[in-house]
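For the sequence shown, the residue numbers in mature numbering (1 follows the signal peptide of the UniProt record, and there is no 0) are -20 to -1, 1 to 779.
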Amino acid sequence: MLSCLAILWQGAAVAAPAQAAPDTSAQAQAPALTPAALADMLDNPEIRKTLIEQLRAQSSGEGAAAAPRAAGAASQPAQSTEPGLQERMADGVQRFLTGVAADMGQGVDDLRVLAAGGSLRMDSGTASNALLPLLLAAVATIIAFIVLRMIAMRIYSRIDRWVAVHGAEPDPQARRGAPASMRALARRMGAIVGALAIDVGVVLLAAMAGGTAALWNTPGRGNVDTLAALFLQAFVAVEIAKVLIRTVFAVRHPHLRLLPMSDALARYWNGWLVRIVAAAGYGTLLIDPVISASLSPALGRLTSMLIMLAVYVYAVSVIWQNRQSVRDHMNRRAAGAATFMGSRLHFLSRIWHVLGIAYFTVLLVVSQVDPTNALPFMARATIQTLLVIGVGSLLILLLNTVLAKPIQLPADVRRRLPLLEARVNAYVPAALKLVGWIIRIVIVLLILDAWHAFDLSRWLASDAGAAAIKVVLNVVIVLLIAALAWTVIASVIEHRLSQSEGRGMPSARERTLLALFRNAALIVIVTMTLLVLLSQIGIDIGPLIAGAGVVGLAIGFGAQKLVQDIITGVFIQLENGMNENDVVQVAGVFGTVEKMTIRSVGIRTLDGGYHLVPFSSVDVVANHMRDFSYHLGEYTIAHRESVDDAIVHLRAAFAELMTDSVLGPEILEEMTVAGVTAVNDKGVTIRILIKTTPGMQWAVQRGYNRLLKKHFDAAGIELPYPHTVVYFGQDKRGYAPAANVVMQAERADEGEDARAAGHTRRPLQVDSGGSDAAEVLGNELEAREEGESEGDTPPPKPA
């Protein structure tokens, strides 16, 4: 930096005597080494030419010496000399303050020169010749603009009446909240776009008229004068901005107004923004260059700074005064808008004044740091920000519209895969929300890029940007693969579980194993997905896997019972020991299996209690639901009865049982009479066996016992009471005490069919088939009816 300043100083010393005016004392003195003085020197063509020649001469003489220095520098390790963000900010602020101080000092000197009657950049003759093209361009442009605007206003009025006649905009009072038709909306937007194109054409035609006038006065008539070109650029930039403002507010043509508001409100904000744009645009793009060219750069920059300070103070004061009124207006609009727009209007109403003040603060800073490119930069940043927000909001609105409607699968798919629709409606909203957040992040990055707070293109081209995008894509792909794998596995299992009886209904064992496999697959998929995601975001999962192995080993040693539960449960399932809805007896618990996991089994007993039995406690599994069952009945008759007659009545009761419409089909074979199994003091015991379908043995038992009691009562077969031997005792001589004996009264001889003591004889009544099903089945009937309605065999309730 010091060498460059020295070269500039030498070039200024060589060229300054040729340019100094002999009659001005300020120009006879050597200029001060300040940024403003250096800028003045570089603005002189002869000084620039002398400087270029000296730089070329020095570069040719220093080329040989630079090579050894470069070779030595190459042998040294590379060191980064790029300053950090804080250093750059501090350096920028320091240079800005230094430049302002230098401009103020140089401006004071220039004002003293002017007060003394001297001239700085141009004398009176030079100024008149230089400003004449500017004046001609300005007059021609303004006249052409006024004439063209008058013609365009008539066209705008006709377009406005056309829009009003065709009803492009519904009455906000009569149809508040009612959306306009798409055709009317298209007409109105077409009219607005047409008016915008006409307004832009007026500006461009007026600028062309001014450029023609400037060319007519330029010697040679080949190029437009510099000051005239500056005016035309400023005119086009400022008027295009004013065209956009007029498009939004449309003070004289309410039907072409882009935003719904009253005429008074539109006039207020239109006038405020037009004044801001005119002062800032012409101040930085025209007044600053003209003063810098005619007087001095320091005075031009000071004038631009004063104009921008006035604009900033005026804008901030208007924003602060209207913060509450604008907030109330936005809240009223949000109350009548849709949910999506209403929430955003509510949020914008709270921070709009902060955003406005920040915007004009940035404008002030940029206009002083880079006056030439300040307004173009602000225009590009503003347009890019508005476009990004508009397109992003539209995409988010479309996503919210999709989220509001649940996905409905065809009826056949819902029947075959009953949980697929719920699963898809759980996946898709989550995926769309993720896409929404990605869109919001992209919006923020694009807005930061528009204001040069973040260089998005450079970041994307860098290694960090490429790595970040790669990580995001990998994470999305992993999540998609995991979701797809789980959906396929779960859908296949659900398809098998939902099979009806006509298409191969799954067995209880299949249902249990498929449910366990589904849970195991979910655990494996979730675990693997988490590990892969951690590895994709840069976390080393090697120590994590090793640590998990050590922890698993420690748990295996410390929880041997848990390991035993799991291993025993696995083998019980593989050997088909029991399944859900089976009636079993394990670990002293008898009941129906309700739930099975890899570690335990849940059993519901007859009293309603739920027993959770770990598999490590299961030594023997007694399953009463395998292939077939038996009703094992043992019936004791009195010693005085005939065994053969009793067997006849046993078979008669079984024959009547077979006529039952509900219990009859559940009996697989004829009754087996095993014979007399015991003869004791109680009586004679006869055993029978009735083979039934699995789980129906208890219902058959209850039905058969009822019928057997009816047949025995009709036949007079005694089911014996307990027998008691009475001993009266005797004395030493062998005599027993006297006993009071009462003789039975005479009664009719009943032959060999006498009624037993305490028995009541009833005539035999053969029941019609199926009339006793409800009395016999009880809970089994309810379970069977539910199972038939669900297409599955229900678990019977044990007796």
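Every residue, glycine too, gets a C-beta built ideally from N, C-alpha and C.
Cβ pair residue i, residue j closer than 8 Å
| i | j | result |
| --- | --- | --- |
| ALA171 | TRP142 | yes |
| GLY709 | PRO717 | yes |
| ILE225 | VAL257 | yes |
| LEU265 | LEU210 | yes |
| ALA463 | TYR407 | yes |
| LEU643 | ALA679 | yes |
| ILE267 | ILE299 | no |
| residue 782 | HIS604 | Outside the shown range of the chain (-20 to 779) lies residue 782, about which nothing can therefore be said. |
| GLY336 | ILE376 | no |
| VAL231 | LEU239 | no |
| HIS326 | LEU397 | no |
| LEU744 | ALA694 | yes |
| VAL183 | ILE220 | yes |
| ARG735 | ARG741 | yes |
Classification of residue i by the beta-carbon crowding that lies within 10 angstroms, buried from 16 upward
| i | result |
| --- | --- |
| GLY157 | Low confidence applies to GLY157: its pLDDT is 42, below 50, so where it sits in the model is not reliable enough to give any reading. |
| MET130 | exposed |
| MET169 | exposed |
| ASP151 | Bear in mind that the predicted position of ASP151 carries a pLDDT of just 48, short of 50, making it unreliable; the figure below should be weighed with that in mind. Counting Cβ neighbours within 10 Å, ASP151 comes out exposed, since fewer than 16 surround it. |
| TRP466 | buried |
| THR206 | exposed |
| ARG491 | buried |
| ASP640 | buried |
| MET576 | buried |
| GLN681 | buried |
| GLY771 | The predicted model places GLY771 with a pLDDT of 49, which falls under 50 and marks its position as unreliable; any figure quoted below should be read in that light. GLY771 is exposed by the Cβ-count criterion. |
| THR572 | buried |
| TYR292 | buried |
| ASP587 | exposed |
| GLU650 | exposed |
| ARG715 | The sequence given here places Tyr at residue 715; Arg does not occur at that position. Exposed: under 16 other Cβ atoms inside 10 Å. |
| LEU688 | buried |
| SER137 | exposed |
| GLY655 | exposed |
| ALA58 | With a pLDDT of 42 at ALA58, under the threshold of 50, the predicted position of this residue should be treated as unreliable, and no value is reported. |
| SER305 | exposed |
| ILE449 | exposed |
| HIS233 | buried |
| PHE497 | exposed |
| GLU62 | Caution applies to GLU62, whose pLDDT of 46 falls short of 50 and renders its modelled position unreliable; the value that the coordinates give is listed next. Classification of GLU62: exposed, given that the 10 Å Cβ count is below 16. |
| ALA589 | Ala is not the amino acid found at residue 589; the sequence shown has Gly there. The residue in question, GLY589, is exposed, as its Cβ has fewer than 16 Cβ neighbours within 10 Å. |
| GLU621 | buried |
| ASN353 | exposed |
For residue j and residue i, the rounded distance between their alpha carbons
| i | j | result |
| --- | --- | --- |
| MET188 | LEU115 | 15 Å |
| ALA626 | VAL706 | 29 Å |
| ALA53 | ALA444 | The pLDDT assigned to ALA53 is 41, lower than 50, so where the model puts this residue is not dependable; a value taken from the coordinates is nonetheless given after this. Roughly 28 Å between the two C-alpha positions. |
| ASN660 | LEU612 | 20 Å |
| VAL456 | ALA314 | 36 Å |
| SER373 | THR78 | 43 Å |
| LEU425 | ILE517 | 21 Å |
| ALA719 | THR585 | 54 Å |
| ALA177 | VAL404 | 47 Å |
| PRO356 | LEU344 | 14 Å |
| PRO2 | LEU195 | With a pLDDT of only 37 at PRO2, under the threshold of 50, the placement of this residue in the model should not be trusted; the figure read from the coordinates follows. Straight-line Cα distance between these residues: approximately 35 Å. |
| PHE570 | ALA618 | 34 Å |
| VAL346 | LEU412 | 39 Å |
| GLN677 | ALA567 | 22 Å |
| ILE126 | THR192 | 17 Å |
| ILE363 | LEU399 | 48 Å |
| THR4 | LEU275 | Model confidence at THR4 stands at a pLDDT of 37, short of 50, so the residue's coordinates are unreliable; what they give is reported in the following sentence. C-alpha separation (whole angstroms): 15 Å. |
| TRP332 | ARG307 | 8 Å |
| HIS691 | ASP729 | 23 Å |
| ALA244 | LEU253 | 14 Å |
| ARG330 | GLN301 | 14 Å |
| ILE427 | ALA361 | 8 Å |
Distance between beta carbons of residue j and residue i, contact taken as under 8 Å
| i | j | result |
| --- | --- | --- |
| HIS591 | ILE578 | Not confirmed; about 18 Å, so no contact. |
| ILE670 | TYR610 | 7 Å |
| SER580 | ASP545 | 7 Å |
The ligand MN heavy atom lying under 7 Å from the CB of residue i
| i | result |
| --- | --- |
| LEU524 | Within the structure as shown, the ligand MN is missing, as the structure has no ligands at all. |
Considering only residues of the segment 601 to 649, which uninterrupted beta strand (DSSP E) runs meet the minimum length of 3 residues and lie entirely inside it, listed in chain order? Whole beta strand (DSSP E) segments, 3+ residues: 601 to 603, 609 to 617.
Ignoring anything shorter than 4 residues or poking outside the segment 663 to 712, list the alpha helix (DSSP H) runs there in chain order. 677 to 695, all fully within the segment 663 to 712.
Every unbroken beta strand (DSSP E) within the segment 161 to 228, with a cutoff of 3 residues, ordered by chain: Within the segment 161 to 228, no complete beta strand (DSSP E) run reaches 3 residues.
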